[in-house]
Amino acid sequence: MEHQPTREKLYSTSKGYGFSPALQRTRAPFALRNMITLVGLLTFTGSVYGYSLYAVKQDDFSDVPLPAALPGVQDVTPKEN
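Just so you know, we're using the working numbering here: the sequence shown kicks off at 6 and counts up by one.
Right under this line is the structure:
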């Protein structure tokens with residue numbers, strides 16, 4: 006009686022890593038959809054990140070009063086002459 010390989014071993018190479026030809030054929034129908042999903046997620050993430058940087062640069066805090074000096078904290082801002 007011959008030992009049947011497990012299902013996982015059918016899709017891995019003899020070295021135990023990498024894609025076997027069977028796994029490559031199995032994944033092929035999903036490659037385009039996965040790439041479209043990747044591009045969509047990267048676009049969304051980049052857009053949110055870019056918008057947040059753009060929105061923060063527009064903030065103007067000149068109308069917010071600065072607090073009085075706290076005890077134990079030194080003012081290190083350069084004095085204008």
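Ideal Cβ placement from N, Cα and C applies to all residues, glycine included.
Expressed to the nearest angstrom, what Euclidean distance is found between the alpha-carbon atoms of residue i and residue j?
| i | j | result |
| --- | --- | --- |
| residue 28 | residue 49 | 30 Å |
| residue 60 | residue 38 | 33 Å |
| residue 63 | residue 25 | 53 Å |
| residue 85 | residue 76 | 23 Å |
| residue 32 | residue 66 | 53 Å |
| residue 44 | residue 54 | 15 Å |
| residue 73 | residue 36 | 60 Å |
| residue 51 | residue 42 | 14 Å |
| residue 46 | residue 23 | 26 Å |
Would you identify the three-state DSSP class for residue i, choosing helix, strand or coil?
| i | result |
| --- | --- |
| residue 22 | coil |
| residue 77 | coil |
| residue 35 | helix |
| residue 61 | helix |
| residue 49 | helix |
| residue 82 | coil |
Is residue i close to chain C? Criterion is C-beta to C-beta, closer than 9 Å.
| i | result |
| --- | --- |
| residue 67 | Among the chains of the structure shown, chain C does not appear; only one protein chain is present. |
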